[in-house]
Amino acid sequence: KCLSSIQTIGFCEYALIYKLFQQVKPFSGVKRLKAYGHMGKALTFTTIIYGAFVAGLDAGLIYNSWPKMADKWIPDDLIVSRYGSTVGNFLDNPTTVQFTHRMLAYTTVLTTGLLWANVMRLGVACTGPRIRNAAHLVFSAVLGQSLLGITTLLCYVPASLGSLHQCGGVVLLSSLLWFTHCLRAVPK
Numbered sequence: 001k002c003l004s005s006i007q008t009i010g011f012c013e014y015a016l017i018y019k020l021f022q023q024v025k026p027f028s029g030v031k032r033l034k035a036y037g038h039m040g041k042a043l044t045f046t047t048i049i050y051g052a053f054v055a056g057l058d059a060g061l062i063y064n065s066w067p068k069m070a071d072k073w074i075p076d077d078l079i080v081s082r083y084g085s086t087v088g089n090f091l092d093n094p095t096t097v098q099f100t101h102r103m104l105a106y107t108t109v110l111t112t113g114l115l116w117a118n119v120m121r122l123g124v125a126c127t128g129p130r131i132r133n134a135a136h137l138v139f140s141a142v143l144g145q146s147l148l149g150i151t152t153l154l155c156y157v158p159a160s161l162g163s164l165h166q167c168g169g170v171v172l173l174s175s176l177l178w179f180t181h182c183l184r185a186v187p188k
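Next comes the structure, spelled out in structure tokens:
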């Protein structure tokens, strides 16, 4: 009886220790990665919405230069009184809408670049291959989307490039959704 009790306790301890080692462990930096992932999703979504404003106002047909807008970092007609309030400019002024779309895109590239850099810094041993692959996809998607957006602008928005640029937004948002989904498996 005594031996079976000791053996039972031993196997129970072994099973508990084994179960503990099988659980996904949080790694330092997971909160930062989750923050970058959520910020990236919000920025991408907002940039896509502003892209719709750009398309609706034909704002892609003005200031077809990059990185500056007609040799200026901030165009003269950014805020114009004929559009009423500042809010009116952000919704109806083609210059302001294009400028805002560009600034949102730059911020999205920066945020997702920081996301990717942090995953690479942590290493695959810490994050695992799934999170690393998701980060590679996010970074590739944001670079591809940026290059496609710049090319679309410089080519005066042909319909084919405009459509591809819209699809690129969906790919980027999808990659960020997948990245944050992969992080859900990691405890807080």
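If you're matching positions, the sequence shown starts at 1 in full-length UniProt numbering and goes up one per residue. Just so you know, even glycine gets a beta-carbon here, dropped at the ideal spot from N, CA and C.
Member of the options whose CA lies at the smallest distance from the CA of residue i
i	options	result
cysteine 182	Gln166, His136, Leu153 and Arg130	Arg130
serine 146	Cys167, Ala159, Gly128 and Thr127	Cys167
leucine 114	Gly40, Tyr50, Thr151 and Ile17	Gly40
phenylalanine 179	Lys72, Ala35 and Val80	Ala35
tyrosine 50	Leu91, Val87 and Leu122	Leu91
cysteine 126	Val30, Glu13 and Gln98	Val30
residue 235	Gly128, Trp116, Gly10 and Met69	The displayed coordinates of the chain run from 1 to 188. Any statement about residue 235 would go beyond what the structure contains.
asparagine 93	Gly144, Ser5, Asp71 and Gly60	Gly60
Residue j beta carbon less than 8 Å from that of residue i
i	j	result
valine 109	leucine 33	no
alanine 52	glycine 162	no
arginine 132	valine 124	yes
leucine 148	leucine 164	yes
isoleucine 74	asparagine 89	no
Where the alpha helix (DSSP H) through residue i begins and ends
i	result
valine 97	94–122
serine 174	159–184
asparagine 133	129–154
Original post:
With a cut-off of 8 Å, do at least 3 Cβ pairs link the region 154–164 to the region 48–65?
Top reply: As far as the Cβ criterion goes, the region 154–164 touches the region 48–65, which means the pair count is three or higher.
Original post:
Is there contact between the region 131–141 and the region 164–181, where contact requires at least three CB pairs shorter than 8 Å?
Top reply: yes
Original post:
Taking one C-beta from the region 34–49 and one from the region 90–110 each time, how about it: are there three or more such pairs within less than 8 Å?
Top reply: yes
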